[in-house]
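S.K.: Chains as they are written, first to last, in UniProt numbering: chain A, 1 to 240; chain B, 1 to 240.
We treat Cβ as the ideally placed atom computed from N, Cα and C, and that holds for glycine.
Quantities reported herein were computed from a predicted structural model and do not represent experimental measurements.
Number of protein chains: 2
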Amino acid sequence: MTNEHIVRSFAQELQRLSNLITQMGGVAEAQVGSAIKAVARRDVALAAQVMQADTRLDEYEREIDTETIRLLALRQPMAQDLREIVSALKIASDLERIGDYAANVAKRSLALAQVPVVRPTAGIPRMGRLVEEILKDVLDAFIERDVEKAIGAWRRDEELDDLYTSLFREVLTYMMEDPRNITPCTHLLFMAKNLERIGDHATNIAETIHFLVVGGPLIMDRPKGDDSSFAVVQPDQTAP
Amino acid sequence: MTNEHIVRSFAQELQRLSNLITQMGGVAEAQVGSAIKAVARRDVALAAQVMQADTRLDEYEREIDTETIRLLALRQPMAQDLREIVSALKIASDLERIGDYAANVAKRSLALAQVPVVRPTAGIPRMGRLVEEILKDVLDAFIERDVEKAIGAWRRDEELDDLYTSLFREVLTYMMEDPRNITPCTHLLFMAKNLERIGDHATNIAETIHFLVVGGPLIMDRPKGDDSSFAVVQPDQTAP
Chain A
1 MTNEHIVRSF AQELQRLSNL ITQMGGVAEA QVGSAIKAVA RRDVALAAQV MQADTRLDEY
61 EREIDTETIR LLALRQPMAQ DLREIVSALK IASDLERIGD YAANVAKRSL ALAQVPVVRP
121 TAGIPRMGRL VEEILKDVLD AFIERDVEKA IGAWRRDEEL DDLYTSLFRE VLTYMMEDPR
181 NITPCTHLLF MAKNLERIGD HATNIAETIH FLVVGGPLIM DRPKGDDSSF AVVQPDQTAP
Chain B
1 MTNEHIVRSF AQELQRLSNL ITQMGGVAEA QVGSAIKAVA RRDVALAAQV MQADTRLDEY
61 EREIDTETIR LLALRQPMAQ DLREIVSALK IASDLERIGD YAANVAKRSL ALAQVPVVRP
121 TAGIPRMGRL VEEILKDVLD AFIERDVEKA IGAWRRDEEL DDLYTSLFRE VLTYMMEDPR
181 NITPCTHLLF MAKNLERIGD HATNIAETIH FLVVGGPLIM DRPKGDDSSF AVVQPDQTAP
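#1: Is valine 32 of chain B closer than 8 Å to tyrosine 172 of chain B when the C-beta atoms are compared?
#2: Using the C-alpha atoms, what's the distance from valine 118 of chain B back to glutamate 159 of chain A?
#3: Determine the chain A residues that contact arginine 56 of chain B at a beta-carbon separation under 7 Å, and present them in chain order.
#4: Please say whether leucine 110 of chain B and valine 44 of chain B have beta carbons closer to each other than 8 Å?
#5: Under 7 Å between beta-carbons, which chain A residues line up against methionine 176 of chain B? List them in chain order, please.
#6: Using beta-carbon positions only, say whether leucine 72 of chain B and leucine 163 of chain A come within less than 8 Å of one another.
#7: Measuring CB to CB, does histidine 201 of chain A end up less than 8 Å from arginine 129 of chain A?
#8: Tell me the rounded alpha-carbon separation between threonine 55 of chain B and arginine 62 of chain B.
#9: Measuring straight from C-alpha to C-alpha, what distance separates leucine 189 of chain B and phenylalanine 230 of chain B?
#10: If you measure from the beta carbon of leucine 110 of chain A to each beta carbon in chain B, is any gap under 8 Å?
#11: Am I right that alanine 47 of chain A and alanine 38 of chain A are in contact with their C-beta atoms under 8 Å? What's the rounded C-beta distance?
#12: Check whether the Cβ atoms of valine 115 of chain A and valine 233 of chain B sit closer than 8 Å, and answer yes or no.
#13: Run through DSSP, which three-state label would glutamine 49 of chain B get?
#14: Please list, in chain order, all residues of the same chain as leucine 167 of chain B whose beta carbon is under 7 Å from its beta carbon, the five residues on each side excluded.
#15: Is the CB-CB distance between glycine 215 of chain A and phenylalanine 142 of chain A below 8 Å?
#16: At the 8 Å Cβ level, is proline 120 of chain A part of the contact set with chain B, yes or no?
#17: Which of the three DSSP states, helix, strand or coil, is assigned to arginine 42 of chain A?
#18: Mind listing the chain D neighbours of threonine 208 of chain A? Cutoff is C-beta to C-beta under 8 Å, in chain order.
#19: Between leucine 167 of chain B and chain A, is any beta-carbon pair separated by less than 8 Å?
#20: Can you check which of these residues, A:Leu139, A:Arg108, A:Lys149 and A:Phe10, is closest to glutamine 80 of chain A by C-alpha distance?
#21: Quick check on the burial criterion: 16 or more other C-beta atoms within 10 angstroms. Buried or exposed for arginine 108 of chain A?
#22: According to DSSP, simplified to helix, strand and coil, what is glutamine 92 of chain A?
#23: Please tell me whether methionine 78 of chain B has its Cβ less than 8 Å away from any Cβ of chain A.
#24: For a cutoff of 8 Å on Cβ pairs, would you count glutamine 31 of chain A as touching chain B?
#25: Taking only beta-carbon positions, decide if leucine 71 of chain A is within less than 8 Å of chain B.
#26: For serine 18 of chain A, would you say it is in contact with chain B, using Cβ-to-Cβ distances shorter than 8 Å as the test?
#27: How about threonine 208 of chain A and serine 87 of chain A: are their beta carbons less than 8 Å apart?
#28: So, using beta-carbon positions, are leucine 212 of chain A and glutamate 84 of chain A closer together than 8 Å?
#29: Valine 50 of chain B and alanine 106 of chain B - do their beta-carbons sit closer together than 8 Å?
#30: Give me the Cα-Cα distance between glutamate 144 of chain A and glutamate 67 of chain A, rounded to the nearest whole angstrom.
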C-alpha cells in the first residue's frame, strides 16, 4: 500500500515537473511573439512589458532547478525517470535563455522606435514567424514526447540560419547607403542574431527531447551555424 | 569492507568528474586566449585551429553529461554529492557555450583578415584580457571551491559590460566615418558581443560554484547586462 502510494505520487511529481516546463515554454513562446510584435508595430509599451515579464522565466527556472534537485535527492530515480528530471533541468535553462533573447529584442526595439523606420526592419517579423513556428513545434514535441516532430523542428533551424545570413547582408548594404541607417541597422543586426540564437536554443530542446525519449544523444549531419560570420560586403559592389 | 570500498570509489568518481570539468575549463580558457590572439595578430592559421578544436569541448560536454547521468543512476547521491553532480552538468554546458563564442570570434577574425585593419580592433584584445582574467578566476574558484573568489569574478563582469558598451559606441562612429569600415566594424561588434557573452557564462559558473559550496542560489544586487542595446549614435554629433 505505502509503496504503491509512493510510486503514484512520484509519477505525479514528475507530471508536475513536466507541466512546469510546459507552462514555462508557453511563457517563453509568448515573450518571443510579443517582442517581435513590438518591433513590427513600434509598440514601446509592449516592449516594456516583455522586458518586465522576463523575471517570470527566471522564477520558473529557479523553481524547476529546486524541484529537480529535490526529486533527485528524495526519489533517487533511474532510467526514464532520471532522464525526465535531467531533461527538465536542461530545457528550463534553454527556455530561460530564449526569454533573455526575447527581452533583448524588446529592449532594442525601444532604440529603433526613436528613429525613422529603416526598410530591412521587415526582415525581423519574417525571421520571427519562422522562430515562432520552430519553437511551437519543439514545445508540442515535448508535450507529446514526439521525437519525429522534434527532429523536424531541429532541421528547420537551417532555414532560419539562411534567413539570418541573407538579412545580415541586406542590412549591411543599407548601412553603407546612408550613415543615418547605421545605428538602427546595428540594432536590427543584433535583433536578427537574437532570433537566430533563439532558434539554436530551440534545437537544443529538440536534442534534449531525443535524449529524453530515445535515451541517447542526437548525432546527425546538419550544417550548423550561420555563414554571416564570414561575410565581407563591399560598399560599392560595382567598383573595380 | 565492501561498503568502505564503495564509499571510496564514489569519492574517486566525483573527483574524476571534477577533474573533467577542470580539464574542460582549461581547454575553454585556451580557446578564448587563442581566439583573441588570432584577432590581434591577424593569424589565420591560429583562427582555423580554434575553429577545429571546438569539437573537443563538445566531446567533453557529452562525456560529462554521460558521466553525471551514470553517477545519478548508480550512486543516487544526496546533499553535497548531488550538488557536485548537478553543478558539473551546468558548468559543462556553460563551458561548451564559451567554446562556441571563442570559435565564432576566430571565424570572424578570418573575415577581418581580408580587409585593412580598422582602428577599434584594438578594443578586442582589451576586452579579451578582462574576459581571460574573469574566466581564469572562476575556474580557479571552482578548483579551490572558493566562493569569495567566485563572487569577485562575478562582480568584475560589470567592468566587462562597461567596456563592451563603450567599444560599441566607438565602433559605430567608425562605421559612420567611412562606409568601407562597415563590414569589418560589424564583425568587431559581434566579436565584442561574443566576449561579453563569454563573461555572462563565466558569471553563470560563479553562481553555480556558490550553489555548489553554499547550497543555495546567489541572489545579490548587481546591475546586469550592457547598455548598448539602448544606444542611439547620430552620424554627426555636432549637428543641431
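M.R.: In short:
#1: Note on identity: in this sequence residue 172 of chain B is leucine, with tyrosine being the wrong assignment. Against a cut-off of 8 Å, the Cβ pair of valine 32 of chain B and leucine 172 of chain B comes out as no contact.
#2: 33 Å
#3: Within chain A, no residue comes near arginine 56 of chain B; the closest Cβ sits about 16 Å away, beyond 7 Å.
#4: yes
#5: Pro179 and Ile182
#6: no
#7: no
#8: 11 Å
#9: 15 Å
#10: yes
#11: 4 Å
#12: no
#13: helix
#14: Pro120, Gly123, Met127 and Ala192
#15: no
#16: no
#17: coil
#18: Structure shown: chain D not included; protein chains present are A and B.
#19: no
#20: A:Phe10
#21: buried
#22: It should be pointed out that residue 92 of chain A corresponds to alanine in this sequence rather than to glutamine. Helix.
#23: yes
#24: no
#25: no
#26: no
#27: yes
#28: yes
#29: yes
#30: 22 Å
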